[in-house]
Amino acid sequence: MKPFKGERIFTPGPVEIPDRIREVLGRQIIHHRTSEFREAFLETRELFKQLVDCKEENFVFFASSGTGAMEAAVLNFFDEGDKVIAVVGGKFGERWAELGKKYRLNVIELEVEWGKSVEPGAVENLLKDNPDCKGVLVQASESSTGVYHDVRALAQVTKDTDALLVVDAITALGVYNMKPHEWGLDVVVGGSQKAFMLPPGLSMLWFSERAKERLTARSYYFNVKEELKKQTDGQTAFTPAIGLILALRESLSILLESGMDAVEERYRLISEGLSKAMDALGLSIFPENPSIAMTTVMPEGVDPEALRKEMLRLGVRVAGGQGKLKGKIFRVSHMGMELLDMPVVLSALEVALNKLGCVKTFGAGVGAYLDTLSTGIKHG
Ligand SMILES: *Cc1c(COP(=O)(O)O)cnc(C)c1O
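Under this note's numbering, residues 38 to 417 are what the sequence shown spells out, in order.
Here it is as structure tokens:
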């Protein structure tokens, strides 16, 4: 029985868009060379500054998907031949390595087993062996495996070296209460269709003072220096993603009204609840140190693609695996979700498991989730 209001989307991008944001997206376009846009853009920048808890204007927005800002990071902070370490423990880590090689950086790939977090000590040793290393490229939340890499601990390793810590935070910014300046990160990349709960097409690039000193001008479109000049004045070098910037102002207002501590706490509780629920259903969590942006499950003895198909019949879309995890896992995104959205996914999962002959009775997963929730809310 297909749902008549369309499917619910629980994928790690795109994510569902809140009504408050959809209302903004439905408005008539305004021109970008107007005081109306300029004021809205400057206000958006002020809100973003609050989100990243920084006083400096060290960030730009690009009209691109998240990968555009990753490419911008490689192009604006490094030169051809620069030695960098790319932490490769999933599909997005591979993307850092590919981008680096594409622009002729000297990329050392630090292979990490998929599902495991990088050991800061491993990065430290590599940096000792390569004192000429200019950067460490890593994900905060590696969405292909559901792993969280402890970027705060990595910053302790990079801070006294020449290496900039470049963090793909596309599924971390807006999930964790990230404080890039305080934590010692150098470059942070974000994307609109993840925790910002917007349509795709807008990316964010934040950088530290020491990264700013290294800015090059190797890209025409992704030119951070030029954009920074324009954007701090409420303008952009090219036509901005006007609608998305206006909607980002709303998204940032939602996040900041709640407070990033509370946002992180909510995702943490969802994460814990789903983990208990999967356990109750006899399903294993794949990553050793899971990101709270999503729950990544490796079901043994059940085909995750068959599960996904059954869930879709009930109008619930979760994501499958990518790369070498294709057909081995399924992923449930928490981004943009309320505490009580998750019993919807769990109900669909339980029905799917029942259809595939794995569970006979209902409610074990939902019950474990609600149990975690009520305890967590009481103490919170
Ligand atoms: C989604 C995602 C990307 C890619 O972003 P696009 O917007 O698809 O270009 C990169 N890194 C991570 C960790 C992601 O989750």
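Just so you know, even glycine gets a beta-carbon here, dropped at the ideal spot from N, CA and C.
Cα-Cα separation, residue i to residue j
i    : j    : result
E83  : K266 : 16 Å
C135 : G394 : It should be noted that the sequence gives Glu, not Cys, for residue 135. Distance between the alpha carbons of E135 and G394: 42 Å.
V188 : A389 : 37 Å
F47  : S288 : 18 Å
D378 : M315 : 16 Å
F96  : S290 : 18 Å
S370 : V396 : 23 Å
G221 : N167 : 20 Å
N214 : A248 : 21 Å
G103 : T398 : 42 Å
L311 : I366 : 15 Å
R345 : V355 : 7 Å
F233 : F78  : 16 Å
A200 : L112 : 15 Å
L242 : V125 : 21 Å
V144 : D119 : 8 Å
R59  : C170 : 44 Å
L407 : V61  : 33 Å
L376 : F98  : 30 Å
V225 : P157 : 18 Å
Y304 : I329 : 6 Å
D205 : V300 : 20 Å
V212 : A123 : 23 Å
V381 : E53  : 14 Å
G364 : T182 : 13 Å
Closest by C-alpha distance to residue i, when choosing among the options
i    : options                : result
E131 : E325, E146, A110       : E146
L410 : K313, V261, V111, D56  : K313
S178 : Y140, G127, D223, F275 : G127
K92  : N162, E246, F98, F129  : E246
G105 : Y304, W133, K120       : W133
G319 : E387, G118, E375       : E387
L292 : G43, R57, G400         : R57
I66  : A401, I54, V382, P277  : P277
I207 : Q359, L383, P49        : P49
K165 : G402, R303, K196       : K196
S180 : T253, M38, V339, K153  : K153
R45  : E337, Q176, M374, D298 : M374
F129 : Q359, A385, G404       : Q359
Y257 : R368, A284, K42, E108  : E108
K138 : W151, E150, V121       : V121
Burial state of residue i (16 or more Cβ within 10 Å)
i    : result
A110 : buried
E294 : exposed
P40  : exposed
K361 : exposed
G417 : Low confidence applies to G417: its pLDDT is 47, below 50, so where it sits in the model is not reliable enough to give any reading.
S308 : buried
Q268 : buried
K275 : According to the sequence provided, residue 275 is Phe. The question's Lys does not apply to it. Exposed.
N326 : exposed
E264 : buried
H186 : buried
Q87  : exposed
K231 : buried
N162 : exposed
T421 : The chain is shown from 38 up to 417; residue 421 falls before or after that span and cannot be answered.
G63  : exposed
Counterpart residues of residue i in DSSP-defined beta bridges
i    : result
I291 : Answer is none; I291 lacks a bridge partner.
L242 : V97, V226
G172 : V121, L201
M335 : S321
S370 : M331
L147 : V124
Y185 : S178
L210 : Y213
A356 : R368
I46  : R354
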